[in-house]
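Student:
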Amino acid sequence: MKIKLLGSGDEVGKSCLIVSDKSKGVVLDCGVKLQPEPPTYPRVAGEDINALILSHAHLDHSGAVPTLYRKNKIPAFMNDVTFELALLLIKDSMKVGQKQGYGVPYSKNDLKRFVKSAKIVNYHEKFSAGNFRCSLYPSGHIPGSSSVMLQGSKKVFYTSDIQTLESHLLNPCKLPDKVDTLVIESTYSYKSHPPREIEEKKLVAAVEEALAREEAALIPVFAVGRAQEILLILSDYAGKISLDGMAKGASEIIMSYPRYLKEPEKLRKVLKKVNFVRSQKDREDALKRNPIIISSAGMLGGGPAISYLRSIRKRPESKVLFCGFLVEESPGRNLIETKIFKTAEEQFDVHCDVQRFEMSAHADRSGLFKIIEKTRPETVVCVHGEHCRDFAKEISSRFSINAFAPKDGEEIRV
Numbered sequence: 510m511k512i513k514l515l516g517s518g519d520e521v522g523k524s525c526l527i528v529s530d531k532s533k534g535v536v537l538d539c540g541v542k543l544q545p546e547p548p549t550y551p552r553v554a555g556e557d558i559n560a561l562i563l564s565h566a567h568l569d570h571s572g573a574v575p576t577l578y579r580k581n582k583i584p585a586f587m588n589d590v591t592f593e594l595a596l597l598l599i600k601d602s603m604k605v606g607q608k609q610g611y612g613v614p615y616s617k618n619d620l621k622r623f624v625k626s627a628k629i630v631n632y633h634e635k636f637s638a639g640n641f642r643c644s645l646y647p648s649g650h651i652p653g654s655s656s657v658m659l660q661g662s663k664k665v666f667y668t669s670d671i672q673t674l675e676s677h678l679l680n681p682c683k684l685p686d687k688v689d690t691l692v693i694e695s696t697y698s699y700k701s702h703p704p705r706e707i708e709e710k711k712l713v714a715a716v717e718e719a720l721a722r723e724e725a726a727l728i729p730v731f732a733v734g735r736a737q738e739i740l741l742i743l744s745d746y747a748g749k750i751s752l753d754g755m756a757k758g759a760s761e762i763i764m765s766y767p768r769y770l771k772e773p774e775k776l777r778k779v780l781k782k783v784n785f786v787r788s789q790k791d792r793e794d795a796l797k798r799n800p801i802i803i804s805s806a807g808m809l810g811g812g813p814a815i816s817y818l819r820s821i822r823k824r825p826e827s828k829v830l831f832c833g834f835l836v837e838e839s840p841g842r843n844l845i846e847t848k849i850f851k852t853a854e855e856q857f858d859v860h861c862d863v864q865r866f867e868m869s870a871h872a873d874r875s876g877l878f879k880i881i882e883k884t885r886p887e888t889v890v891c892v893h894g895e896h897c898r899d900f901a902k903e904i905s906s907r908f909s910i911n912a913f914a915p916k917d918g919e920e921i922r923v
């Protein structure tokens, strides 16, 4: 068996790999790296592939999927909510690409071919792809997110993005007992998260402080997963929340598939109370009437969050509160480090109180080690992290097993 990495080698972004057994290859995810602009895509042309399995909807895993359908007619396996959310995000990324002038490397017809090729499967349902018997496991990252088991001449388990701890929105991941090869995400391989309840209390306190001063609290979020989690954390303040950007449509889709949520009724109740921003007038009114602004994009690479930031940038008692991962060179990361908002189109100083809270939907280093201990692999392949090589060395030393951190384009025999 062979594993070829086409993206996410020693970086977070454009996740894509091919697992092959007896010359038949299955693509696991095909994402885009959005920051820094212009976006970059995996090089999939010329690869011999027989199927796609999509783990979840986030664009760094799904955003390049239509490129597979320019010259291929292959089945695409995923669960139902992942299919709906991926379509929402991919269509939006096409609009953004057109607006920004860099476009996307696929056509509307490529996207249509992907839609026609979609095969919906449930968690733990067995299906065939290439020379593998496959199944999806809940990964605890966002609604519908999956880890993937491939059983060929050996067992390969791809964690994709995974969380070992429960959140307000989701139950934790499910894991198999024994695999031959583990392909593991490494986003937070280098650090441990602080206790979640402490970070949540800090976030609530920051929001309360802004409200007490009649100031805004802007919370840039990923539309899928993080927006809904923050809504649950701030449920006591639902009447003062404005929900804007892709988070509106994503929330509506997620509530159509309540079985993926830990307590769907709690989210349903919150969504009934929040203010959905549907027009420019709503946006202008939001800062006055519903000043807790939850809006995409999570890294401030686009979306209405930038408009709100422009409006409050000179107000030192307003707050900008980050609650998710920020890739290097993203506008959000730069804002935290320099208090300057900078994109290709504009740059300005921000005088607001800018804070960051660690409430990740990714496992930290202790969680990743627990995954390795549970699955007992003979070989580990580290992907999706800025410290993959260091993590591979640590795994090899700690567990006395083979561990690799391939570069993009590199192939490993397992």
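Residues 510 to 923 in the working numbering are what the sequence shown spells out, letter by letter. In this text, a Cβ means the ideal position worked out from N, Cα and C, and glycines have one as well. Every value quoted in this text rests on a predicted model; they were computed, and no experiment measured them.
Given this structure, state the Cα-to-Cα distance separating Ile512 from Phe908, to the nearest angstrom.
Tutor: Taking the straight line joining both Cα atoms gives about 21 Å.
Student: Quick check: the segment 664-671 against the segment 830-849, are there 3 or more CB pairs under 8 Å?
Tutor: Result no; under three Cβ-Cβ pairs closer than 8 Å.
Student: Nearest by alpha-carbon distance to Asn911: which of Glu772, Lys608, His893, Arg885 is it?
Tutor: When only C-alpha atoms are compared, the closest one is Arg885.
Student: Contact defined as beta carbons within less than 8 Å: I believe Cys682 pairs with Pro704. What is the distance between those atoms, to the nearest angstrom?
Tutor: Their Cβ separation, rounded to whole angstroms, is 19 Å, which puts Cys682 and Pro704 out of contact at 8 Å.
Student: Thinking C-beta only, is Glu708 closer than 8 Å to Pro510?
Tutor: The identity of residue 510 in the sequence shown is Met, whereas the question assumes Pro. For Met510 and Glu708, no; Cβs fall outside 8 Å.
Student: Here's the rule I'm using: 16 or more other beta-carbon atoms within 10 Å means buried, otherwise exposed. How should Ser875 be labelled?
Tutor: Per the 10 Å Cβ criterion, exposed.
Student: Could you say if the segment 708-726 and the segment 600-608 meet the contact criterion of at least three C-beta pairs nearer than 8 Å?
Tutor: Judged by Cβ distances under 8 Å, the segment 708-726 makes no contact with the segment 600-608, as fewer than three pairs qualify.
Student: Considering only their Cβ atoms, is the gap separating Ser744 from Lys771 smaller than 8 Å?
Tutor: No, these two residues do not count as a Cβ contact at 8 Å.
Student: Would you mind sorting Ile801 into buried or exposed? The rule is 16 or more other CB atoms within 10 Å of its CB.
Tutor: Ile801 comes out buried.
Student: Decide if Lys757 is buried, meaning its Cβ has at least 16 other Cβ atoms within 10 Å, or exposed.
Tutor: Buried is the call here.
Student: Measuring straight from C-alpha to C-alpha, what distance separates Leu563 and Glu793?
Tutor: When rounded, the distance between both Cα atoms is 38 Å.
Student: Over what stretch of residues does the beta strand (DSSP E) that includes Ile629 continue unbroken?
Tutor: Start and end: 627-629.
Student: For Tyr611, does the count of other Cβ atoms within 10 angstroms reach 16, so buried, or fall short, so exposed?
Tutor: It is exposed - the Cβ of Tyr611 has fewer than 16 other Cβ atoms within 10 Å.
Student: What are the start and end residues of the alpha helix (DSSP H) that includes Phe908?
Tutor: Per DSSP, Phe908 belongs to the alpha helix (DSSP H) from 897-908.
Student: Could you check the C-alpha separation between Gly639 and Arg922 for me, to the nearest Å?
Tutor: Looking at the two C-alpha atoms, the distance is approximately 17 Å.
Student: Can you confirm whether the segment 677-695 touches the segment 848-859 when touching is taken to mean that 3 or more C-beta pairs between the two stretches lie within less than 8 Å?
Tutor: At 8 Å Cβ cutoff, the stretches do not touch.
Student: Cutting at 8 Å between CB atoms, please list the residues of its own chain near Val535, excluding the five before and the five after it.
Tutor: The answer, listed in chain order, is Ile527, Val528, Ser529, Ile558, Asn559, Ala560, Leu561, Ile562, Ala638, Gly639, Phe641, Cys643, Leu659.
Student: What does DSSP give as the partner residues of Pro647 in its beta bridges?
Tutor: Note: Pro647 sits in a beta bridge opposite Ser655.
Student: By how many angstroms is the C-alpha of Tyr766 removed from the C-alpha of Leu780?
Tutor: Using only the alpha carbons, I get a separation of about 15 Å.
Student: Just list the alpha helix (DSSP H) runs in the segment 547-614, keeping only unbroken ones of 4 residues or longer that don't cross its boundaries, in chain order.
Tutor: The qualifying runs are 568-571, 589-609.
Student: Shortest alpha-carbon distance to Arg622 belongs to which of Lys582, Ile880, Lys628?
Tutor: Nearest option by C-alpha distance: Lys582.
Student: Hey, quick one: how far does the alpha helix (DSSP H) through Phe452 stretch, first residue to last?
Tutor: Residue 452 lies beyond the residue range present for the chain, which begins at 510 and ends at 923; the question has no answer from this structure.
Student: Taking a contact to mean a Cβ-Cβ separation below 8 Å, would you say Ile651 touches Asn588 in this structure?
Tutor: Not a contact, by the Cβ cut-off of 8 Å.
Student: Using C-beta distances below 6 Å, list every residue in its chain close to Glu724, excluding the 5 sequence neighbours before and after it, in chain order.
Tutor: Excluding sequence neighbours, Glu724 sits near Glu826, Ser827.
Student: Check the C-beta distance from Gln609 over to Met808 and give it rounded, since I have them as a contact under 8 Å.
Tutor: No, Gln609 and Met808 are not in contact; Cβ-Cβ is about 15 Å, not under 8 Å.
Student: Per DSSP, which residues does Gln856 bridge with? Please list them.
Tutor: According to DSSP, Gln856 bridges with Lys851.
Student: For Glu837, count neighbouring Cβ atoms within 10 angstroms of its own Cβ and tell me buried if that reaches 16, exposed if not.
Tutor: With fewer than 16 other Cβ atoms within 10 Å, it is exposed.
Student: Is the CB-CB distance between Leu818 and Leu712 below 8 Å?
Tutor: No, the pair does not count as a contact, with Cβ atoms beyond the cut-off.
Student: Answer yes or no: do Ile742 and Val730 have a C-beta to C-beta separation smaller than 8 Å?
Tutor: In this structure, Val730 does not lie closer than 8 Å to Ile742 by Cβ.
Student: Kindly identify the DSSP beta-bridge partner or partners of Ile707.
Tutor: Answer is none; Ile707 lacks a bridge partner.
Student: Using 10 angstroms around the beta-carbon of Ala901, count the other beta-carbons present and answer buried if the total reaches 16, otherwise exposed.
Tutor: Per the 10 Å Cβ criterion, buried.
Student: Is Ser532 near Ser524, with beta carbons less than 8 Å apart?
Tutor: Contact: no.
Student: What does a CB cutoff of less than 7 Å around Gly810 pick up in its chain, not counting 5 residues either side in sequence?
Tutor: Taken in chain order, the residues that qualify are Leu543, Gln544, Ser839, Pro840.
Student: From the DSSP output, in three-state form, read off Gly516 for me.
Tutor: Three-state result, Gly516: strand.
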